[in-house]
Amino acid sequence: MNALTRPLIQAFDGLQAFAESEPTRRRVGKALICYFLTALTLIELNSLGWLPDFLARYLSTNRFDAVAHTFTLVLVLEVVDLVFSLPKSTSRSVGKQFEILALILLRNAFKELNNLPFPVDITNHTDVLVRLATNGAGALAVFVLLGAYLHAQRCAPKHWAPDILQKFIAAKKLVALLVLGSFLCMGVYNGILIVRGEPHFDVFHDFYTVLVFTDILIVLIAQRYMPEFHAIFRNSGFALSTLFIRMALTTDTILSVIVGVGAMVFAVCLTYASNHFYSITAKPGLPCPLPPFPK
């Protein structure tokens, strides 16, 4: 850490401490509740025609939009948590990426409600029900496999000497700052497009493209400190699982779920093989304790 990188790392540590503090989490939780209730109220008023025209044209009349928008904010919070998990273990940040995938699938399921009449009636809308159920089942499968992923982490190998580990973490904090900046820029630019009424993009889908390059960069940084084959293969495999997630977000519903769940299975198998056959910290015959799952 030199005079150029020290302020950046300190800035990252300060942001992380603020974002993960208990008061901040409580305020964010209250803000989400207020946002959901406010959005639901405004949409209801707009559907009744009680809002002025200058405000009504910017608001939806579909009550379920309040649910989708609130889930979008939850995803934003998860992405921020993901950025702060990058300097931690690679397996933990990958686990966070699969958490976000599960939430995206849930959000997609709720977004299907926009295609149903209000009150909900599935008559002549069985296609919507199929897509909703498929996304929900995919989210549940990823959720269950995350439990298996946690179980596979119980014997995670540790190869880093303390001084090398400190340098590696410092390098990943700089990468995480770049990722956070890119996410904020993407969100601001997308917001400008929405306000202008121009075609916009799905920030979360494109953000996973950034994560693909980020994971590859971290693989290259890790190789500088740990050039062993099994470490390179493990980290590269996790980067490949991120690529699978990105592909899952660009396909239709059924294929998206298949690819997403397949990526989760791949990550579980990779983790189990790496920790079972290449661990140097666990003693044969002794059970390994379960590590805390990433928050």
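Just so you know, we're using the working numbering here: the sequence shown kicks off at 319 and counts up by one.
In this text, a Cβ means the ideal position worked out from N, Cα and C, and glycines have one as well.
Since we're looking at a predicted model, the values are computed, not measured.
- Query: Can you list the alpha helix (DSSP H) stretches of 4 or more residues lying completely in the stretch 508–574, in chain order?
  - Reply: If we require 4 residues or more, the alpha helix (DSSP H) runs fully inside the stretch 508–574 come out as 521–543 and 547–566.
- Item | Alpha carbon of residue 438 to alpha carbon of residue 452, nearest angstrom | Computed Cα separation, rounded: 18 Å.
- Message: For residue 601, count the other beta carbons within 10 Å of its own beta carbon; 16 or more makes it buried, fewer makes it exposed. Which is it?
- Response: Residue confidence is low: residue 601 scores 45 on pLDDT, short of 50, so the model does not pin down where it sits. Its coordinate-derived value is still stated next. Flag for residue 601 reads exposed.
- Span separating the alpha-carbon of residue 487 from that of residue 397: Rounded to whole angstroms, the separation of the alpha carbons of residue 397 and residue 487 is 19 Å.
- Query: For residue 331, which residues from the same chain have a beta carbon less than 8 Å from its beta carbon, with the 5 sequence-adjacent residues on both sides left out?
  - Reply: 491, listed in sequence order.
- Message: List, from N- to C-terminal side, the alpha helix (DSSP H) runs of 4 residues or more that fit wholly inside the stretch 374–435.
- Response: Assignment of alpha helix (DSSP H) within the stretch 374–435, counting only whole runs of 4 or more residues, yields 383–403 and 408–429 in chain order.
- Task: Report the residue from 519, 496 and 497 whose alpha carbon sits nearest the alpha carbon of residue 507.
- Result: Checked all of 519, 496 and 497; the closest Cα to residue 507 is 519.
- For residue 405, does the count of other Cβ atoms within 10 angstroms reach 16, so buried, or fall short, so exposed? Counting Cβ neighbours within 10 Å, residue 405 comes out buried, since at least 16 surround it.
- Query: Does residue 514 have its Cβ less than 9 Å from a Cβ in chain C?
  - Reply: The structure shown contains no chain C, having only a single protein chain.
- Query: Quick one: does the C-beta of residue 497 sit closer than 8 Å to a heavy atom of the ligand COA?
  - Reply: Although the ligand COA was asked about, the structure shown includes no ligands whatsoever.
- Query: So which of 499, 555 and 434 has the shortest CA-CA distance to residue 530?
  - Reply: When each option's Cα is compared against that of residue 530, the closest is 555.
- Endpoints, alpha helix (DSSP H) assigned at residue 339: Secondary structure note for residue 339: it is in no alpha helix (DSSP H), with a DSSP letter that is neither H nor E.
- Query: What's the C-alpha gap between residue 342 and residue 395?
  - Reply: Distance between the alpha carbons of residue 342 and residue 395 is about 12 Å.
- Cα separation between residue 417 and residue 321? Rounded to the nearest angstrom, the two C-alpha atoms are 36 Å apart.
- Report yes or no: do three or more beta-carbon pairs, one from the stretch 370–386 and one from the stretch 530–541, lie closer than 8 Å? These segments do not touch.
- Message: Tell me whether the stretch 443–457 and the stretch 574–583 touch, counting them as touching only if at least three CB pairs, one residue from each stretch, are closer than 8 Å.
- Response: They touch, by the three-pair rule.
- Query: Would residue 408 pass as a contact of residue 353 if the rule is Cβ separation under 9 Å?
  - Reply: For residue 408 and residue 353, no; Cβs fall outside 9 Å.
- Query: What is the DSSP secondary structure of residue 325, counted as helix, strand or coil?
  - Reply: Helix, per DSSP.
- Query: What residue from 412, 326 and 536 has the CA that sits closest to residue 471's CA?
  - Reply: Residue 471 has its Cα closest to that of 412, out of 412, 326 and 536.
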